[in-house]
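There are 4 protein chains.
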Amino acid sequence: MHGWYETEVRVRYAETDQMGIVHHANYLIWFEVGRSGLCRQKGFSYQEMEEGDSLLVVADARVRYKSPAFYDDLLTIRTQVAEIRSRSIRFTYEVYRGSDNTLLADGETVHLVTDRSRKVKSLPQVFKDKLS
Amino acid sequence: MHGWYETEVRVRYAETDQMGIVHHANYLIWFEVGRSGLCRQKGFSYQEMEEGDSLLVVADARVRYKSPAFYDDLLTIRTQVAEIRSRSIRFTYEVYRGSDNTLLADGETVHLVTDRSRKVKSLPQVFKDKLS
Amino acid sequence: MHGWYETEVRVRYAETDQMGIVHHANYLIWFEVGRSGLCRQKGFSYQEMEEGDSLLVVADARVRYKSPAFYDDLLTIRTQVAEIRSRSIRFTYEVYRGSDNTLLADGETVHLVTDRSRKVKSLPQVFKDKLS
Amino acid sequence: MHGWYETEVRVRYAETDQMGIVHHANYLIWFEVGRSGLCRQKGFSYQEMEEGDSLLVVADARVRYKSPAFYDDLLTIRTQVAEIRSRSIRFTYEVYRGSDNTLLADGETVHLVTDRSRKVKSLPQVFKDKLS
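Line by line, the protein sequences are chains A, B, C and D. So for the first sequence, this note's numbering puts the first residue at 12; every next one is plus one. So for the second sequence, this note's numbering puts the first residue at 12; every next one is plus one. So for the third sequence, this note's numbering puts the first residue at 12; every next one is plus one. So for the fourth sequence, this note's numbering puts the first residue at 12; every next one is plus one.
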């Protein structure tokens with residue numbers, strides 16, 4: 012369960028702000044890109060979870076910013092499943108810049124498993140197996 | 012039909028980019044804020060249209076940028092229904108900065124009326140009446 | 012120092028995602044809108060801080076999501092200066108929906124004071140006074 | 012000058028809206044990703060243009076939406092330099108989904124060349140050569 016899965020993103024101009032660095036909200040979007048990549052590398056699309064009526068709703072998010080990212084940087088999002096409980100999953104993340112191998116940020120998100128009507132439910136065994 | 016409806020937005024820090032001005036994609040989002048404001052001022056929420064299975068899907072969008080917007084600027088989005096056809100609506104927009112009454116951008120969007128399954132349909136008379 | 016400052020935002024269509032709720036990254040943007048509002052209510056613009064070569068760079072961010080926000084909801088962002096140190100500031104936030112007075116999320120951000128060359132510096136006394 | 016340059020993007024969850032499709036403003040961001048990719052494939056980074064005091068400020072943007080993009084779709088952004096004038100550049104774009112080779116959107120943007128103080132200037136010959 013505790014392996015890191017890597018996904019690359021290149022910083023978009025639209026992600027910068029007037030400080031000349033990437034706006035901090037984008038890291039949550041990159042973490043999500045990392046989760047999508049992790050699912051794909053584990054053999055399924057997160058879309059299949061939603062089609063199977065299991066949504067991963069974010070309950071908690073934390074980002075620690077170490078060093079800024081800049082336009083056109085090529086970044087690696089490292090994602091791992093840190094903990095699976097019956098009704099929630101915790102992911103942890105690290106964002107690295109490839110060119111100088113600098114850790115730019117790390118963080119974590121906690122997700123509740125719900126159905127489409129937003130009721131908390133148990134994670135189906137098939138996805139538990141895939142994510143573990 | 013050809014009256015202007017005004018909605019105010021204040022420029023967010025996240026909307027700026029490393030040029031020190033608002034990133035150009037945000038004007039499409041502000042146009043949408045203008046459409047929401049127009050609906051509200053005409054006595055309904057666009058949400059009611061979607062709940063009544065009439066979605067306004069964007070088919071065409073155009074923005075002409077005249078002068079940059081800056082962080083913390085207070086802007087007025089002027090929106091009007093330019094044309095209603097049986098299965099489409101065209102809106103036009105102007106974005107002004109209040110402090111110096113400068114026109115920052117204008118543009119237009121064309122929307123197809125569809126149902127949830129993305130099939131083009133006629134705009135229900137009740138919304139035609141409200142928007143006219 | 013520990014008073015809450017309130018700023019209103021109306022949920023934009025672009026802020027929703029395919030779950031039908033507001034995407035979680037937007038809360039960091041709303042927190043920033045709350046900081047801007049707090050500064051304005053305390054008699055200055057955050058822009059003046061940047062022009063005086065004092066940037067508030069985000070070092071840490073945390074959001075706890077309690078209940079989803081929906082398109083067109085009118086929200087109140089409550090912001091307070093939780094702690095001022097010589098080289099950092101901590102803000103805390105609460106996001107409420109006005110119509111049913113529901114707490115949707117709370118969180119905090121920690122900011123380092125830096126100059127334009129990204130060197131950490133002391134917060135100038137004039138802004139310390141204004142923010143306290 | 013009239014060759015197409017291709018850049019891939021995978022649709023992010025944050026780019027969807029409550030219609031279940033990609034929000035239309037993201038196509039302008041993808042066009043920009045396409046421009047960055049075109050520059051990189053022509054042997055330079057757009058960042059170098061800015062460092063050489065030549066900014067490409069968007070003056071006009073147009074998008075025609077043909078078919079929706081969905082979460083996790085792998086897209087190809089095709090970009091070409093359509094016209095270079097002394098003080099402006101026009102790019103055209105096509106967005107395709109790879110899996111079914113569907114054209115999702117096309118469009119164009121016109122950019123003025125300015126210096127950092129936002130004064131229009133001539134495009135330096137070195138970049139004219141690279142872009143042609």
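Note that beta-carbon positions come from the ideal geometry of N, C-alpha and C, so glycine has one too. Please read these numbers as outputs of a predicted model, since none were measured by experiment.
{"Item": "Pull out every residue of the region 99-124 of chain A whose Cβ sits closer than 7 Å to any Cβ of chain D, in chain order.", "Value": "none"}
{"Item": "How would you list, in chain order, the residues of chain G whose beta-carbon sits under 8 Å from the beta-carbon of Y24(C)?", "Value": "Here the protein chains are A, B, C and D, and chain G is not one of them."}
{"Item": "Short of 9 Å Cβ to Cβ, which residues in the region 64-76 of chain A face chain C?", "Value": "L66, V68, V69, A70, D71, A72, R73, V74, R75 and Y76"}
{"Item": "Output needed for F81(A): all residues of its chain with C-beta closer than 8 Å, excluding positions within five of it in sequence on either side, in chain order.", "Value": "V22, T27, G31, I32 and V33"}
{"Item": "Per DSSP, what kind of secondary structure is S128(A) in: helix, strand or coil?", "Value": "coil"}
{"Item": "Against chain D, with Cβ distances strictly below 8 Å, would L39(B) count as a contact?", "Value": "yes"}
{"Item": "Does Y82(C) get closer than 8 Å to chain D when you measure Cβ to Cβ?", "Value": "yes"}
{"Item": "For a contact defined as C-beta to C-beta under 9 Å, what are the partners of E17(C) on chain B?", "Value": "In chain order: nothing, as chain B lies at least about 14 Å away."}
{"Item": "How long is the line joining the alpha carbons of Y107(B) and W41(D), rounded to whole angstroms?", "Value": "26 Å"}
{"Item": "Going along chain C, which residues have a C-beta under 7 Å from Q58(B)?", "Value": "Y82 and D83"}
{"Item": "Taking 8 Å as the threshold, find out whether the region 67-84 of chain B comes into contact with the region 110-120 of chain B through three or more Cβ pairs.", "Value": "yes"}
{"Item": "Is the beta carbon of K141(A) sitting closer than 8 Å to the one on G54(A)?", "Value": "yes"}
{"Item": "Using the beta-carbon of each residue, which ones in chain D are nearer than 8 Å to E94(A)?", "Value": "By Cβ distance, chain D contributes nothing, its closest Cβ being about 21 Å from E94(A), past 8 Å."}
{"Item": "Tell me, please, whether the CB atom of S128(D) is closer than 8 Å to any CB atom in chain A?", "Value": "no"}
{"Item": "Quick one: Cα of I88(B) to Cα of E17(A), how far?", "Value": "42 Å"}
{"Item": "Would you kindly work out how many angstroms separate the C-alpha atoms of K139(B) and F102(B), rounded to a whole number?", "Value": "14 Å"}
{"Item": "Between Y57(D), A25(D) and N37(D), which lies nearest to R46(D) when the distance is taken from Cα to Cα?", "Value": "Y57(D)"}
{"Item": "Do you know whose CA, among Y38(C), Q91(C) and L86(C), lies nearest Q52(C)'s CA?", "Value": "Q91(C)"}
{"Item": "DSSP three-state label for R89(A), please.", "Value": "strand"}
{"Item": "Smallest Cα separation from S110(A): which of S128(A), K130(A), L86(A) and P135(A)?", "Value": "L86(A)"}
{"Item": "Please tell me whether A25(D) and A36(B) are closer than 8 Å, where the distance is taken between their beta carbons.", "Value": "no"}
{"Item": "To which residues of the same chain is R98(B) closer than 8 Å at the C-beta, ignoring the five residues directly before and after it?", "Value": "L123, V124, V131, K132, S133 and L134"}
{"Item": "For chain A, check one thing: does any of its Cβ atoms lie closer than 8 Å to the Cβ of E62(D)?", "Value": "no"}
{"Item": "Using the Cα positions of Y104(D) and S143(D), report the straight-line distance between them to the nearest angstrom.", "Value": "16 Å"}
{"Item": "My output table needs one value for A80(C): the three-state DSSP class, helix, strand or coil.", "Value": "coil"}
{"Item": "Determine whether the Cβ of V44(C) lies closer than 8 Å to any Cβ atom of chain B.", "Value": "yes"}
{"Item": "Starting from the C-beta of G168(B), find all residues in its chain whose C-beta is less than 8 Å away, skip the five residues before and the five after it, and write them out in chain order.", "Value": "Outside the displayed range of chain B (12 to 143) lies residue 168(B), so it cannot be described from this structure."}
{"Item": "Any heavy atom of the ligand ZN closer than 7 Å to the CB of H122(D)?", "Value": "Here there are no bound small molecules, and the ligand ZN is not part of this structure."}
{"Item": "May I have the straight-line CA-CA distance separating R127(C) from A93(A), to the nearest angstrom?", "Value": "37 Å"}
{"Item": "Can you look up I40(D) in the DSSP assignment and give me helix, strand or coil?", "Value": "helix"}
{"Item": "State buried or exposed for E62(A), treating a residue as buried only when at least 16 other CB atoms are found within 10 Å of its CB.", "Value": "exposed"}
{"Item": "For V44(C), count neighbouring Cβ atoms within 10 angstroms of its own Cβ and tell me buried if that reaches 16, exposed if not.", "Value": "buried"}
{"Item": "Kindly indicate the opening and closing residues of the alpha helix (DSSP H) around V137(A).", "Value": "Q136 to L142"}
{"Item": "Let's see if you can read the secondary structure: which residues bound the alpha helix (DSSP H) around Y57(D)?", "Value": "Y57 to E62"}
{"Item": "Please report the straight-line C-alpha distance between Q29(B) and N112(A), rounded to a whole angstrom.", "Value": "23 Å"}
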